[in-house]
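Before any comments, here is the structure.
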Amino acid sequence: MDQKYRDKNRTMLFQIGKQEISLISPDKKSILLEKKFKDISFCSQGYRHAEHFGFICGESTTDNYVCYVFRGQSSSVVDEIMATLKQAFTCAYQTKPAKYTVCEQCPMQQFHKLCVEMEGMPPDKIYMTIMKRLETMPDEDQSEILDQLAEAHGNGRHEKNDQLMTLIRLLCERKQKIHVHYNEGISKLEFSIFDSKKAVSSTFDHLRSKAKKSINLSFDFTTRITATRTTDLVAAAAAMTPPRAEFDRNAAEFSLSPIGSRPAYRPRSHTIASGVTISDARMRSAIPEHPESPVTTSPMINMFMKVNTHPKNGTPQNNTTSTKDMSYRKKIFTRILLIRMEKENLKLKALHDEKTTDQVQLDYEDITPCLSDASQVWTELLNAPERESQRIDPDKLLSAVKAGVPRSKRGQVWVLLVEQHLLKQGGSSSSIWDAATDPQKPYDELLKELTSHQHHILLDLGRTFPQHAYFTKQLGAGQLALFNILKAYSLCDGEVGYCQGLSFVAAVLLLHMGNEEKAFCLLKFLMFRVGFRRQYKPDMSALQIQMYQLSRLLHDQYRDLYEHFEQHEIVPSLYAAPWFLTVFSSQFPLRFVARVFDLVFLHGIEVIFRVALVLLGTHREQIMQCSKFESVMDFLKTSLPSMGVIPMERIFNQSTVSTLRARVRGMERDKANLLETITKLKAHVPPDVAARMLDVTQLNENGSETLPKNLQLQFAGPGQGDRHVQPAARPSPVACAGLSAESGSSRGTREPLIELQ
Amino acid sequence: MSYAYLFKYIIIGDTGVGKSCLLLQFTDKRFQPVHDLTIGVEFGARMITIDGKQIKLQIWDTAGQESFRSITRSYYRGAAGALLVYDITRRDTFTHLTTWLEDARQHSNSNMVIMLIGNKTDLESRRDVKKEEGEAFAREHGLIFMETSAKTAANVEEAFINTAKEIYEKIQEGVFDINNEANGIKIGPQHSPSSPHAPSGSLGQQAGGGCC
Chain A
1 MDQKYRDKNR TMLFQIGKQE ISLISPDKKS ILLEKKFKDI SFCSQGYRHA EHFGFICGES
61 TTDNYVCYVF RGQSSSVVDE IMATLKQAFT CAYQTKPAKY TVCEQCPMQQ FHKLCVEMEG
121 MPPDKIYMTI MKRLETMPDE DQSEILDQLA EAHGNGRHEK NDQLMTLIRL LCERKQKIHV
181 HYNEGISKLE FSIFDSKKAV SSTFDHLRSK AKKSINLSFD FTTRITATRT TDLVAAAAAM
241 TPPRAEFDRN AAEFSLSPIG SRPAYRPRSH TIASGVTISD ARMRSAIPEH PESPVTTSPM
301 INMFMKVNTH PKNGTPQNNT TSTKDMSYRK KIFTRILLIR MEKENLKLKA LHDEKTTDQV
361 QLDYEDITPC LSDASQVWTE LLNAPERESQ RIDPDKLLSA VKAGVPRSKR GQVWVLLVEQ
421 HLLKQGGSSS SIWDAATDPQ KPYDELLKEL TSHQHHILLD LGRTFPQHAY FTKQLGAGQL
481 ALFNILKAYS LCDGEVGYCQ GLSFVAAVLL LHMGNEEKAF CLLKFLMFRV GFRRQYKPDM
541 SALQIQMYQL SRLLHDQYRD LYEHFEQHEI VPSLYAAPWF LTVFSSQFPL RFVARVFDLV
601 FLHGIEVIFR VALVLLGTHR EQIMQCSKFE SVMDFLKTSL PSMGVIPMER IFNQSTVSTL
661 RARVRGMERD KANLLETITK LKAHVPPDVA ARMLDVTQLN ENGSETLPKN LQLQFAGPGQ
721 GDRHVQPAAR PSPVACAGLS AESGSSRGTR EPLIELQ
Chain B
1 MSYAYLFKYI IIGDTGVGKS CLLLQFTDKR FQPVHDLTIG VEFGARMITI DGKQIKLQIW
61 DTAGQESFRS ITRSYYRGAA GALLVYDITR RDTFTHLTTW LEDARQHSNS NMVIMLIGNK
121 TDLESRRDVK KEEGEAFARE HGLIFMETSA KTAANVEEAF INTAKEIYEK IQEGVFDINN
181 EANGIKIGPQ HSPSSPHAPS GSLGQQAGGG CC
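Chains A and B are the protein sequences, given in the same order.
In terms of the UniProt record's numbering, the first sequence has 643 at position 643, counting the first letter as 1, and numbering is strictly consecutive.
In terms of the UniProt record's numbering, the second sequence has 62 at position 62, counting the first letter as 1, and numbering is strictly consecutive.
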């Protein structure tokens, strides 16, 4: 294997669609290879190396067949791929190939129609027709062509027509490259030479239908999404295993017009290489290059044949044209340069688009309107010299967060808060991005590996912020970036792997950081340092403890509400599980979520308790008015997240002040003690009683009326009085286990709950 | 709206099999290919009529991922019916049925009616689990079985309603003790006192407060 390829991330997504297969690079966020089933002639799994498979495929850009060979993760994966391919092939074969719909707005299609229309016309009329069409073109295109025509000094109508058509064709080719087919969602007529009002003469209908057939073949591959990196992959595939077999034969069904059928996709350089002799092109002479070809009468193909004279019969038909040839070549060359420049422009535009995605990504209104003063404070803090080693006064930081965080700087502010957190913990002042200080593998190394959670992650990509523009497109840039982050995380945290809910947290980070790796670092910070990962562990015991804690807090602070919930058997896990697992993001608007994240980066996971309590507390009366289970749940799940911006702001003002910390920690120990007591009791009581008691700890979800009393009784022992001292002196085994596991993974630097003001 | 009974349902099964889509199709009669992930549990409700009686179905749609089981286990309590869903195009969702069934049996009351559902029949061409296999599994474990498509709505109504019919029959047979709410059946607040299953005084009070 070539070293060059070994260093690259070569894990890819292999997608089997209804009519095609595609290979997607989550790295480049692009489709590397897309092959229609109809182009694939053979497909097989490796006999000796069952983890390999490959297929032979007719290439549209050359007349050859290329064999692509891939290596799967294991032979079982390949078995599955083969089974799926078999099913897909059968399915595609049975459902008759879908009718190709021709995009009538394709510049090349329009050009084709123009050719069809002019077939058989006298030169003068052709000239008139062309001129008429020119008038319908955008001004700049029109003047461009006319200018070039003026330079060309063609003699006679015939030649002028040829020149005109060549120029139009070049223009169309150029337009084709940036054209978006109407069946791909966007239907805007950006270019038109075709007079849609005027019906094409019926005399040519039979010609047209024949030509259409060939056009369909030539255009169906342009209707796919950009697949420009094919060559990379061919190289990569070849690097894996050498047999890049090229078969020098043509499949009858695809060789209707081997030259004519690929103008739109042919690299521009071919135009030069094949020696364009434009003067040879005559509208009316229909000399078929392949007399046996059924579509030789297609004027379009004739055009291409002549323009693109095959080297085989390359004797110039007109000797006097050599000088003109030169001048045309020169012109075409400049044209090509133009096209290249245009391509570069497109690239630049793509870059620009990338920047504007920031705007798409953060398309929300800040809850706390960030005034210029506040914004100024952040600018100063962010630009402070030696920012990474200077501790900022916590009060100043808190008041800055309170005053609001500008949306555009939010990502940077989070980074600053993380730095401050690390400084406070006496951690090294090195940058949080510095992968070297981290025993974990760096992000790009993780991306090269394969995760066993891939399937689950893929399933959830389309279900994470599906309404958000950045994540809407299936396996688009947003989804693939999210895939990368989740995949990398699942690889660096084997115990949690991937858990539903994480995708939302990662997505919020990604939206604000705009950079996968940075978002990944922040995710790791939240998970390991802030301690979020405990709630995602396979048994979700930490989440259950949190639900219990919330229930207790409600009991203490809003007794009436607590009793109302009790009456309707509503336990926190019914409504608050997504609040914790997605930091409110699966239900609440992004502006709200962003604010919660601000506080989480400042104060840790406890913020979620505060926000939850304030949310419930401020809506206490409305909740109490709901007299049914469904209406309460509906209020909590639907009405609550859609509250106005002002009540939201109020919630945050209240959420920044809290004295929850000690109580939450105390309760954590209560629950642990409860578990311990039950474990001890288990030895002395009949198993069914013990089971029932364990059920109690399983917990308040059960929501039976007797439950809270039970719990309170249990707590009366260790909980009363010096609750905060006694259990700490002799932590329960459960708490120990939890903590040691935690410190192991976070290298002992994690503080269970972050200090409060 | 008044109703004679309220049945609590729980929808379970692997992630991505179409639980939320089935619920949406049943309650809203629409299919939404793009929807949010279910974290924890979501709810739906609809009124149906069986034997001339209004029955309210209160449906709990649960998260399918393995980690959530420790939480969703508690949701079986008080469920009268369960829809156990698998995806006919993904065999692994079928092979996991045994563990789902174990879970359901262990944490629910023994009379809970379980309907096995093979979903996504609109993707016939990608079928990976034969209908016969589903039938055999259902027979072996004493479940009712149906194949549905949440996309085309095929059999969706039937799946929910047949389950309710089964529960209703069990009530008629006296298998379900409707006075015990742990069975997942509540009696409607407006239920006629002349009904053979009229609530007693104390239960009426309970029903008024505890259910909808």
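Heads up, the beta-carbon is just placed ideally off N, CA and C, and yes, glycines get one too.
Predicted model only: the values in this text are computed from it and were never measured.
Contact set for residue i: own chain, Cβ-Cβ below 6 Å, skip 5 residues either direction
{"i": "B/T163", "result": "G81, V113, M115"}
{"i": "A/P641", "result": "Q587, F588"}
{"i": "B/H96", "result": "D14"}
Residues that residue i contacts on chain B, provided the C-beta gap is smaller than 8 Å
{"i": "A/Y536", "result": "S67"}
{"i": "A/L459", "result": "T15, G16"}
{"i": "A/C91", "result": "S125, R126"}
Neighbouring residues, chain A, relative to residue i (Cβ below 8 Å)
{"i": "B/F43", "result": "E630, M633, D634, K637"}
{"i": "B/I11", "result": "Here the premise fails: no neighbours, minimum Cβ distance about 15 Å."}
{"i": "B/Q54", "result": "Here the premise fails: no neighbours, minimum Cβ distance about 15 Å."}
{"i": "B/I178", "result": "Here the premise fails: no neighbours, minimum Cβ distance about 17 Å."}
{"i": "B/A63", "result": "Q500"}
Proximal residues of chain A, C-beta to C-beta of residue i below 7 Å
{"i": "B/V34", "result": "G462, P466"}
Sequence-distant residues of its chain with Cβ nearer than 8 Å to residue i (five each side left out)
{"i": "B/L23", "result": "I11, E42, G44, I59, D61"}
{"i": "A/D124", "result": "R157"}
{"i": "B/G188", "result": "S2, Y3, A4, Y5, L6, Q54, K56, A207, C211"}
{"i": "B/A153", "result": "Q25, K29, F31"}
Straight-line Cα distance separating residue j from residue i
{"i": "B/S74", "j": "B/H107", "result": "7 Å"}
{"i": "A/R169", "j": "A/F111", "result": "7 Å"}
{"i": "A/C614", "j": "A/T90", "result": "The residue asked about is misnamed: residue 614 of chain A is Val in this sequence, not Cys. One C-alpha to the other measures close to 58 Å."}
{"i": "A/L522", "j": "A/R595", "result": "16 Å"}
{"i": "A/P572", "j": "A/F635", "result": "14 Å"}
{"i": "A/I31", "j": "A/S22", "result": "7 Å"}
{"i": "A/D373", "j": "A/L397", "result": "14 Å"}
{"i": "A/L480", "j": "A/S627", "result": "44 Å"}
{"i": "A/L417", "j": "A/F601", "result": "6 Å"}
{"i": "B/D128", "j": "A/H512", "result": "41 Å"}
{"i": "A/F42", "j": "A/K132", "result": "49 Å"}
{"i": "A/L422", "j": "A/E563", "result": "41 Å"}
{"i": "A/K424", "j": "A/T379", "result": "21 Å"}
{"i": "residue 774 of chain A", "j": "A/L510", "result": "For chain A, the structure presents residues 1 to 757; residue 774 of chain A sits outside this window and is missing."}
{"i": "B/R77", "j": "A/V180", "result": "55 Å"}
Among the options, the one whose alpha carbon lies nearest that of residue i
{"i": "A/G514", "options": "A/E51, A/L362, A/E20", "result": "A/L362"}
{"i": "B/T98", "options": "B/I50, B/A138, B/K130, B/E132", "result": "B/A138"}
{"i": "B/F68", "options": "A/Q535, A/A374, A/L590, A/G476", "result": "A/Q535"}
{"i": "B/I50", "options": "B/K19, B/Y76, B/I167, B/G13", "result": "B/I167"}
{"i": "A/K18", "options": "B/R126, B/R77, B/T148, B/N111", "result": "B/R126"}
{"i": "A/K637", "options": "A/P647, A/M648, A/F584", "result": "A/F584"}
{"i": "A/A403", "options": "A/M12, A/V66, A/R650", "result": "A/R650"}
{"i": "A/H49", "options": "A/I40, A/G72, A/E342", "result": "A/G72"}
{"i": "A/R591", "options": "A/D366, A/I392, A/R559", "result": "A/D366"}
{"i": "A/I485", "options": "A/L450, A/H468, A/P466", "result": "A/L450"}
{"i": "A/I339", "options": "A/R174, A/N383, A/E419, A/F471", "result": "A/R174"}
{"i": "A/Y364", "options": "A/D393, A/S375, A/D444, A/Y470", "result": "A/Y470"}
Residues near residue i by beta carbon distance below 7 Å, same chain, minus five either side
{"i": "A/D141", "result": "L171"}
{"i": "A/A576", "result": "M547, L550, A612"}
{"i": "B/I48", "result": "I55, L57, I161, A164"}
Proximal residues of chain B, C-beta to C-beta of residue i below 7 Å
{"i": "A/G501", "result": "I39"}
{"i": "A/C57", "result": "Chain B residues near A/C57: none, gap ~23 Å exceeds 7 Å."}
Cross-chain neighbours of residue i in chain A, by beta carbon under 9 Å
{"i": "B/I71", "result": "M540, L543, Q544, M547, S573, A577, E701"}
Which residues, in chain order, does the region 522-554 of chain A contribute to contact with chain B at a C-beta distance below 9 Å? Y536, K537, P538, D539, M540, S541, L543, Q544, M547
Cβ-based contacts, 7 Å cut-off: residues of the region 116-140 of chain B near chain A: S125, R126
Could you please tell me which residues of the region 13-30 of chain B, in chain order, have their CB closer than 7 Å to any CB of chain A? T15, G16
Identify each residue in the region 469-492 of chain A for which the Cβ-Cβ distance to at least one residue of chain B is less than 7 Å, and report them in chain order. none
In the region 570-600 of chain A, which residues sit with their C-beta less than 7 Å from some C-beta in chain B, listed in chain order? S573, L574, A577, P578, L581, T582, S586
When you check each C-beta in the region 90-112 of chain B against every C-beta of chain A, which residues fall closer than 8 Å? none
For the region 159-174 of chain B, which residues have a CB atom closer than 7 Å to at least one CB atom of chain A, in sequence order? none
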